[in-house]
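Participant: Protein chains in written order, with our numbering: chain A, 2 to 564; chain B, 2 to 564. The C-beta atom is built at its ideal place from N, Cα and C for all residues, glycine as well.
Protein chains: 2
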Amino acid sequence: MSEELTTGPKESPRAPRAAPREVWKKGGRLLSVLLAVNVLLLASTLISGGAFNKVAVYDTDVFALLTAMMLAAGLWILFYLFRTVRCPDAVPYRDAHAGPIWLRGGLVLFGICTLVMDVFKTGYYSSFFECQSAIKILHPLIQAVFVIVQTYFLWVSAKDCIHVHLDLTRCGLMFTLTTNLAIWMAAVVDESVHQTHSYSISHSNTSYTRLAPDVERASSPVPGDPCPCNTAICQIFQQGYFYLYPFNIEYSLFASTMLYVMWKNVGRLLGSPHSHGHARSQISLFRETYFAGPVLGLMLLVVGLAVFIIYEVQVSGEGGSMQQALVTYYIFNIVCLGLMTLVSLSGSIIYRFDRRAMDHHKNPTRTLDVALLMGAALGQYAISYYSIVAVVVGTPRDLLAGLNLAHALLMIAQHTFQNVFIIESLHRGPPGDEPHESPPKEPCQGLTFANLDALHTLPACPPTPRLVGTSPAGPQEAVTVILAPRGHWRRRCLKDISLFLLLCNVILWIMPAFGARPHFSNTVEVDFYGYSLWAAIVNICLPFGIFYRMHAVSSLLETYVLS
Amino acid sequence: MSEELTTGPKESPRAPRAAPREVWKKGGRLLSVLLAVNVLLLASTLISGGAFNKVAVYDTDVFALLTAMMLAAGLWILFYLFRTVRCPDAVPYRDAHAGPIWLRGGLVLFGICTLVMDVFKTGYYSSFFECQSAIKILHPLIQAVFVIVQTYFLWVSAKDCIHVHLDLTRCGLMFTLTTNLAIWMAAVVDESVHQTHSYSISHSNTSYTRLAPDVERASSPVPGDPCPCNTAICQIFQQGYFYLYPFNIEYSLFASTMLYVMWKNVGRLLGSPHSHGHARSQISLFRETYFAGPVLGLMLLVVGLAVFIIYEVQVSGEGGSMQQALVTYYIFNIVCLGLMTLVSLSGSIIYRFDRRAMDHHKNPTRTLDVALLMGAALGQYAISYYSIVAVVVGTPRDLLAGLNLAHALLMIAQHTFQNVFIIESLHRGPPGDEPHESPPKEPCQGLTFANLDALHTLPACPPTPRLVGTSPAGPQEAVTVILAPRGHWRRRCLKDISLFLLLCNVILWIMPAFGARPHFSNTVEVDFYGYSLWAAIVNICLPFGIFYRMHAVSSLLETYVLS
Numbered sequence: 002m003s004e005e006l007t008t009g010p011k012e013s014p015r016a017p018r019a020a021p022r023e024v025w026k027k028g029g030r031l032l033s034v035l036l037a038v039n040v041l042l043l044a045s046t047l048i049s050g051g052a053f054n055k056v057a058v059y060d061t062d063v064f065a066l067l068t069a070m071m072l073a074a075g076l077w078i079l080f081y082l083f084r085t086v087r088c089p090d091a092v093p094y095r096d097a098h099a100g101p102i103w104l105r106g107g108l109v110l111f112g113i114c115t116l117v118m119d120v121f122k123t124g125y126y127s128s129f130f131e132c133q134s135a136i137k138i139l140h141p142l143i144q145a146v147f148v149i150v151q152t153y154f155l156w157v158s159a160k161d162c163i164h165v166h167l168d169l170t171r172c173g174l175m176f177t178l179t180t181n182l183a184i185w186m187a188a189v190v191d192e193s194v195h196q197t198h199s200y201s202i203s204h205s206n207t208s209y210t211r212l213a214p215d216v217e218r219a220s221s222p223v224p225g226d227p228c229p230c231n232t233a234i235c236q237i238f239q240q241g242y243f244y245l246y247p248f249n250i251e252y253s254l255f256a257s258t259m260l261y262v263m264w265k266n267v268g269r270l271l272g273s274p275h276s277h278g279h280a281r282s283q284i285s286l287f288r289e290t291y292f293a294g295p296v297l298g299l300m301l302l303v304v305g306l307a308v309f310i311i312y313e314v315q316v317s318g319e320g321g322s323m324q325q326a327l328v329t330y331y332i333f334n335i336v337c338l339g340l341m342t343l344v345s346l347s348g349s350i351i352y353r354f355d356r357r358a359m360d361h362h363k364n365p366t367r368t369l370d371v372a373l374l375m376g377a378a379l380g381q382y383a384i385s386y387y388s389i390v391a392v393v394v395g396t397p398r399d400l401l402a403g404l405n406l407a408h409a410l411l412m413i414a415q416h417t418f419q420n421v422f423i424i425e426s427l428h429r430g431p432p433g434d435e436p437h438e439s440p441p442k443e444p445c446q447g448l449t450f451a452n453l454d455a456l457h458t459l460p461a462c463p464p465t466p467r468l469v470g471t472s473p474a475g476p477q478e479a480v481t482v483i484l485a486p487r488g489h490w491r492r493r494c495l496k497d498i499s500l501f502l503l504l505c506n507v508i509l510w511i512m513p514a515f516g517a518r519p520h521f522s523n524t525v526e527v528d529f530y531g532y533s534l535w536a537a538i539v540n541i542c543l544p545f546g547i548f549y550r551m552h553a554v555s556s557l558l559e560t561y562v563l564s
Numbered sequence: 002m003s004e005e006l007t008t009g010p011k012e013s014p015r016a017p018r019a020a021p022r023e024v025w026k027k028g029g030r031l032l033s034v035l036l037a038v039n040v041l042l043l044a045s046t047l048i049s050g051g052a053f054n055k056v057a058v059y060d061t062d063v064f065a066l067l068t069a070m071m072l073a074a075g076l077w078i079l080f081y082l083f084r085t086v087r088c089p090d091a092v093p094y095r096d097a098h099a100g101p102i103w104l105r106g107g108l109v110l111f112g113i114c115t116l117v118m119d120v121f122k123t124g125y126y127s128s129f130f131e132c133q134s135a136i137k138i139l140h141p142l143i144q145a146v147f148v149i150v151q152t153y154f155l156w157v158s159a160k161d162c163i164h165v166h167l168d169l170t171r172c173g174l175m176f177t178l179t180t181n182l183a184i185w186m187a188a189v190v191d192e193s194v195h196q197t198h199s200y201s202i203s204h205s206n207t208s209y210t211r212l213a214p215d216v217e218r219a220s221s222p223v224p225g226d227p228c229p230c231n232t233a234i235c236q237i238f239q240q241g242y243f244y245l246y247p248f249n250i251e252y253s254l255f256a257s258t259m260l261y262v263m264w265k266n267v268g269r270l271l272g273s274p275h276s277h278g279h280a281r282s283q284i285s286l287f288r289e290t291y292f293a294g295p296v297l298g299l300m301l302l303v304v305g306l307a308v309f310i311i312y313e314v315q316v317s318g319e320g321g322s323m324q325q326a327l328v329t330y331y332i333f334n335i336v337c338l339g340l341m342t343l344v345s346l347s348g349s350i351i352y353r354f355d356r357r358a359m360d361h362h363k364n365p366t367r368t369l370d371v372a373l374l375m376g377a378a379l380g381q382y383a384i385s386y387y388s389i390v391a392v393v394v395g396t397p398r399d400l401l402a403g404l405n406l407a408h409a410l411l412m413i414a415q416h417t418f419q420n421v422f423i424i425e426s427l428h429r430g431p432p433g434d435e436p437h438e439s440p441p442k443e444p445c446q447g448l449t450f451a452n453l454d455a456l457h458t459l460p461a462c463p464p465t466p467r468l469v470g471t472s473p474a475g476p477q478e479a480v481t482v483i484l485a486p487r488g489h490w491r492r493r494c495l496k497d498i499s500l501f502l503l504l505c506n507v508i509l510w511i512m513p514a515f516g517a518r519p520h521f522s523n524t525v526e527v528d529f530y531g532y533s534l535w536a537a538i539v540n541i542c543l544p545f546g547i548f549y550r551m552h553a554v555s556s557l558l559e560t561y562v563l564s
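Following this line, the structure appears as structure tokens:
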């Protein structure tokens with residue numbers, strides 16, 4: 002319907018401030034969101050149904066659905082690429098904020114790991130080809146093709162603001178986004194089922210078999226099973242693909258966020274091709290810091306890796322070493338979270354003395370970043386609150402319960418203060434070019450955070466709003482002059498803080514992503530809520546917590562570059 | 002922090018287009034959202050923990066938390082009322098869209114029902130005063146006071162755009178909102194637990210005891226129970242308060258939406274005190290319709306009530322009549338949903354020929370309405386998709402399975418098309434005053450939906466965007482003249498459609514809200530997913546479905562008035 006209305010930009014791509022061609026943008030968005038919601042609900046119904054043993058939904062149904070979705074999304078991507086190559090006028094603007102290099106780099110990295118996982122999966126299922134349905138081997142192959150096509154597509158098109166076939170493009174992007182979310186859900190469910198099986202077997206057999214993969218098949222072979230995975234190569238494939246799941250999960254989430262930003266940018270009109278874009282600062286790692294942040298962060302990272310390995314080794318031993326492993330794990334986490342909380346807090350305090358203007362420009366990428374940080378933090382919040390209730394209401398009053406309580410409280414504080422720090426950072430303009438790009442009135446507003454006396458030294462920056470508007474070009478130079486002498490130590494501190502928090506988030510991501518589950522080794526919550534309820538809470542919330550760490554890392558990298 | 006900065010408006014309340022006084026509005030909002038998220042998570046942890054029998058969280062803990070929250074929120078409300086009465090300059094603007102009369106009327110109505118429920122609850126718990134903790138009697142009393150204070154507060158202050166103590170007001174509003182959501186959660190959980198107990202008892206005893214309330218106490222009295230509810234008055238109190246739960250649930254949700262809009266309006270600057278506000282149309286019920294809509298709708302309402310009563314009577318009988326009751330229930334619902342789908346679709350088609358401009362003004366109330374409609378529909382979508390998977394994958398191929406499948410498919414179609422119709426309606430300006438209020442260019446844009454030939458008869462309405470801007474005052478009169486002769490039948494049709502959909506939504510609200518649960522009477526899904534999984538799905542999703550109906554009714558009333 003609106004496609005006839007939107008062929009206009011081809012004739013006049015140089016009129017960037019014209020009225021929007023779309024009569025009603027929300028209508029077009031509504032259509033694509035409805036499509037996405039329905040496809041996603043169908044997929045999640047099948048996936049969640051397949052996760053329960055008693056339900057007659059087989060995993061082949063889920064595989065078939067996912068394969069069909071990936072094929073359809075891949076075909077649409079090829080169509081999109083073909084069309085934009087043939088008609089370059091279709092993309093009159095590019096959003097400078099969308100698809101930053103670290104996001105696209107991360108996407109490629111996780112994409113490669115996903116390809117390795119697909120190779121392992123294909124190898125594993127090929128080991129007993131005769132008793133598997135063909136879809137189980139077809140699925141990883143199609144997935145590999147889809148990952149390659151999608152990664153290329155996002156690499157070249159992440160910044161596009163497309164202006165032809167608006168409705169079709171919106172639906173296509175939403176469908177691809179839905180496909181990625183469905184793959185993410187399937188991976189999360191698969192991992193949780195695997196985890197639960199391991200736990201139940203480890204508690205019935207007393208020997209801890211978390212490292213023995215695909216429990217139904219290998220660890221408890223049915224005597225008459227016609228398809229055993231007994232060969233060494235089959236076992237390696239099995240172990241490998243379970244350890245590569247976290248990368249596949251992150252790949253899907255990265256792709257989803259980039260697709261969402263592309264969807265928001267469909268039909269968007271930007272002032273000029275490069276306005277509002279922060280000048281690309283050079284990433285000169287460690288050069289403008291006091292070294293304290295990165296050094297302390299790297300120390301914590303190394304210690305954390307050692308603690309993680311000790312924990313993994315001890316937790317698979319007997320009961321006595323389990324207790325010791327948990328104490329080590331909790332003490333490390335408490336120290337790490339405490340330091341992060343203090344550092345985030347001091348970063349926010351530094352911003353109180355910062356004179357840079359707040360960036361009020363519309364920016365879908367940043368809005369999404371903030372929403373994802375706040376939303377993903379809910380997962381860890383929920384786990385922490387359940388832990389707190391279990392420890393406070395429950396009876397045990399020993400060392401582990403105390404450590405658990407401190408850990409949960411610090412986790413909440415750390416997420417809160419880190420989010421405040423990151424969100425405030427993302428809303429600041431970069432230090433150098435901001436006085437030249439921002440509208441005239443903004444530096445005066447930004448200064449209200451600083452000492453108000455300084456304002457009166459600026460000739461044209463009025464203390465009351467009534468005088469705003471006189472000689473707008475004057476104050477900018479004055480602000481730049483005032484900022485120059487003291488801005489440097491503040492900037493260095495902020496860079497130190499960003500790097501320290503970044504490295505801490507990396508180690509706090511590694512631990513849960515690669516299988517540390519103190520939630521179950523610790524008996525407080527399991528005894529209080531019962532295993533099935535507590536497993537449901539952790540398995541639903543922890544993926545969000547893991548995603549939060551990943552996303553915080555990318556946001557902190559942006560903070561480091563911008564400050 | 003920002004309170005010093007925001008005392009400015011007192012001196013100059015007549016400068017409505019000045020720059021915003023707040024340096025960074027998102028910062029203030031972030032603070033209050035963080036508070037709300039943490040309080041809400043703590044409350045939901047306790048409430049969900051208390052719902053499980055095996056967990057050592059007692060309902061007195063939940064009651065104590067809710068009572069404390071209501072006391073704190075009530076005190077804040079009194080502080081707010083006292084402050085705005087003493088200092089009228091604190092509210093320089095009022096949002097004409099916020100708190101429309103039907104929302105406030107509904108709030109008062111549901112508030113009164115909640116008060117009756119509180120009386121019943123107090124009476125019930127007083128019947129065995131000696132073996133209850135005091136908090137169980139205190140809780141309904143405090144709730145009654147809170148409901149009275151909050152209803153008065155929302156009645157007088159729903160439209161306020163307050164400009165003093167911004168951070169404190171945001172936190173207060175968010176805390177009150179959180180209190181309402183916690184009450185809502187507690188009520189939903191309480192009702193679900195009650196429903197599940199009834200089901201398990203009815204399936205162990207074969208006699209259906211859903212109508213016998215508070216199952217643990219009355220229907221299966223423990224022989225040595227020191228606190229029996231045996232007196233007639235106690236039983237009446239018990240039955241009464243379980244039937245009044247739906248009203249309490251709706252009251253909390255109504256209050257939450259109004260509080261959210263107030264929160265969005267804190268510190269908001271409006272162009273002029275009454276700009277963008279639709280002129281208040283007189284609700285002249287049925288006068289401007291063809292009578293077909295209301296008559297057909299009323300017929301369906303009456304038939305639906307009869308079907309509901311027959312269903313409730315038959316379902317409590319033996320197995321044979323249960324089957325018959327389900328068939329009746331499904332056939333009525335399929336007819337009703339089919340008609341609603343067709344009518345919504347025809348409404349959307351009528352809008353394709355409508356020449357009214359789209360209203361692009363910023364409007365937090367409408368944005369929230371749209372988000373709630375889309376979000377609440379997810380509940381019913383999820384139930385329908387689970388039903389579809391159960392019927393398609395499962396084995397039974399009888400009449401009931403077919404009816405169930407048709408019902409689920411039509412439910413999805415009806416929600417989709419009704420949402421599209423309502424959202425499109427809410428984005429149209431009212432018919433009469435729109436050409437005078439909207440900016441000059443909008444009628445030309447709006448006309449692209451109508452036949453494009455007519456455009457060329459307007460002297461100053463250019464067919465291509467490049468010519469926009471010449472003599473903006475000319476086209477408006479022309480549009481009004483052209484619209485006059487044919488606009489009337491379209492308007493009447495839209496009013497008929499709105500009223501018909503409204504009445505249908507009322508009957509589809511009554512059935513689940515007052516206890517019809519074909520989801521459990523029908524054995525397809527229970528057998529497929531197992532009782533506990535299916536109960537979890539229905540108990541989580543159905544409250545959203547019920548809220549959707551309520552909210553659709555209020556949106557359709559607005560559509561009726563505006564069209």
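1) Closer than 9 Å, Cβ to Cβ, to anything on chain B: give me those residues from the region 31-56 of chain A, in chain order.
2) Are the CB atoms of C162(B) and V86(B) within a distance shorter than 9 Å?
3) Look at the alpha carbon of L142(B) and the alpha carbon of T115(B), and state the distance between them as a whole number of angstroms.
4) Distance check for A383(B) and R84(A), CA to CA, integer angstroms please.
5) Per DSSP, Y94(A) is paired with what?
6) In chain A, which residues lie with their C-beta within 9 Å of the C-beta of L379(B)?
7) Give me, in chain order, the residues of the same chain whose beta-carbon lies closer than 8 Å to that of I234(B); leave out the 5 immediate sequence neighbours on both sides.
8) If we cut at 9 Å on Cβ distances, does I541(A) have a partner in chain B?
9) For D355(B), would you say it is in contact with chain A, using Cβ-to-Cβ distances shorter than 9 Å as the test?
10) Closer than 6 Å by C-beta to T177(A): which residues in its own chain qualify, once you throw out the five before and the five after it? Chain order, please.
11) Drop a sphere of 10 angstroms on the beta-carbon of A372(A), count the other beta-carbons inside from all chains shown, and report buried for 16 or more, exposed for fewer.
12) Quick check: is the beta carbon of Y94(A) nearer than 9 Å to any beta carbon in chain B?
13) Please return the same chain residues whose Cβ sits closer than 7 Å to the Cβ of H428(A), not counting the five positions on each side in sequence.
14) Given a cut-off of 9 Å on the beta-carbon distance, is the pair D119(A) and Q144(A) in contact?
15) Tell me the residue span of the alpha helix (DSSP H) that contains M300(A).
16) Would a C-beta distance cut-off of 9 Å place A183(B) and L41(B) closer than the cut-off?
17) Cα separation between G376(B) and S345(B)?
18) Taking the alpha helix (DSSP H) that C228(A) belongs to, which residues open and close that run?
19) For L534(A) and chain D, any beta-carbon pair shorter than 9 Å?
20) In chain order, what residues of the same chain have a beta carbon less than 6 Å from the beta carbon of H98(A), not counting five sequence neighbours either side?
21) So, is the C-beta of T68(A) closer than 9 Å to a C-beta in chain B?
Facilitator: Short version:
1) So the list reads L31, L32, V34, L35, V38, N39, L42, L43, S45, T46, L47, S49, G50, F53, K55, V56, given in the order they occur along the chain.
2) Cβ distance not < 9 Å, so V86(B) and C162(B) don't count as in contact.
3) Distance from the CA of L142(B) to the CA of T115(B), rounded to the nearest whole angstrom, comes to 11 Å.
4) R84(A) and A383(B) have their C-alpha atoms roughly 36 Å apart.
5) Y94(A) pairs with C162(A).
6) Correct list: V38, L42.
7) Within the same chain, I234(B) has close Cβ partners G124, S128.
8) Between I541(A) and chain B, the shortest Cβ-Cβ separation is not below 9 Å.
9) It does not: the Cβ of D355(B) has no partner Cβ on chain A nearer than 9 Å.
10) Within the same chain, T177(A) has close Cβ partners A74, L260.
11) Around the beta carbon of A372(A), a 10 Å sphere encloses fewer than 16 other beta carbons of the protein chains shown; the residue is thus reported as exposed.
12) No, Y94(A) does not count as interfacial toward chain B.
13) Closer than 7 Å at the Cβ level, and outside the excluded window around H428(A), lie M359, D360.
14) Yes.
15) For M300(A), the uninterrupted alpha helix (DSSP H) segment begins and ends at 293-316.
16) Yes, the Cβ-Cβ distance between A183(B) and L41(B) is below 9 Å.
17) Within the model, the alpha-carbon separation for G376(B) versus S345(B) is close to 19 Å.
18) Careful: C228(A) lies outside any alpha helix (DSSP H) and carries neither H nor E.
19) Among the chains of the structure shown, chain D does not appear; the protein chains present are A and B.
20) Counting only Cβ-Cβ distances below 6 Å, and skipping sequence neighbours, we find N364, T366.
21) No, because no Cβ of chain B sits closer than 9 Å to the Cβ of T68(A).
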